[in-house]
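In what follows, a structure is listed as structure tokens, so that the remarks can point back to it.
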Amino acid sequence: MDELFNAKNFINAKHKNCNINYDRILQNMVKSWQEHGFRPKIMIHSCCAPCSTVVLEYLADVADVTIYFSNSNIHPKSEYDYRKQVQEDFIIQFNQRTNHTVQFLADEYNPKRFLEMAKGMEDEVEGGKRCHACYDMRLSRAAEKAKELDFDYFASALTLSPHKNSQIINDVGFNIETFLTVHYLPSDFKKNNGYRRSVDMCKEYDIYRQCYCGCVFAAKQQGVDLKAVNQHAREQLEKHRQNIPFYFIKQNDND
């Protein structure tokens, strides 16, 4: 049954030294699972609710999915807490609407880990070495959790973003696979209008779409007003503590 688990078995010699269509690889793997009556357990690292939308729509029908929120790169903490809450609320709504049983787990928030990792790379452009190291940090956490809980795969929702290089993310995933001995599930969720579909799903579920990745260094480079971000996040979290659903808040704010 190992051919069902190992994505590398679906990557043949003709892919060597060229860009791989990881969306096609994933499609072929799903087809193989279904042909063999295999329903895998997948631990999916998610950076935010918007990026998890299409991922869940794609995989929840064919796998037992757990979303793992491991994002110590997000600053300030109020924004981290807000994004985590939005992620969890989306999963609840998704399960209610689709009758799926997607699970949610959150890693500890440890910004010190991120800052130590980013030391010396603070001035890197977004998409550069700092981002690659950040992918590795977060996907490694997901892989460790997948191995701990005996999942068949770990994966990432990061490949949905048009601002993220899926080839690099998948390379990072496969590198982690080699030393943690847990199977990586490759993807390129932005393919087949995946990103456009995610925007539509955010409207359908009234999901908050953030204006920056979360990293303090990228935010400063982009001129993001972090004081305004902090205030907005704190206000939304307070409303949530009053048991008012985010989608209700948004509807009334737009009246």
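Residues in the sequence shown are numbered consecutively from 761, following the numbering used here.
In this text, a Cβ means the ideal position worked out from N, Cα and C, and glycines have one as well.
- Each residue's CA atom was taken as its position, placing F829 and L865 some 6 Å apart.
- Straight-line spacing of the CA atoms in L920 and Y818 works out to 12 Å.
- The straight-line gap separating the alpha-carbon atoms of L997 and D841 is approximately 8 Å.
- Counting only runs of 3+ residues, the beta strand (DSSP E) found wholly inside the region 853 to 906 occupies 863 to 866, in chain order.
- Beta bridge pairing from DSSP links I804 with I827 and A915.
- Annotated as distal: M897 and F934, with beta-carbon spacing of 8 Å or more.
- If you draw a straight line from the Cα of F949 to the Cα of R890, it comes to about 22 Å.
- In the three-state reduction of the DSSP assignment, Y955 falls in the helix class.
- Here the C-alpha atom of N925 lies approximately 10 Å from the C-alpha atom of G888.
- F765 and D912 do touch by the CB rule: their CB atoms are close to 6 Å apart, below 8 Å.
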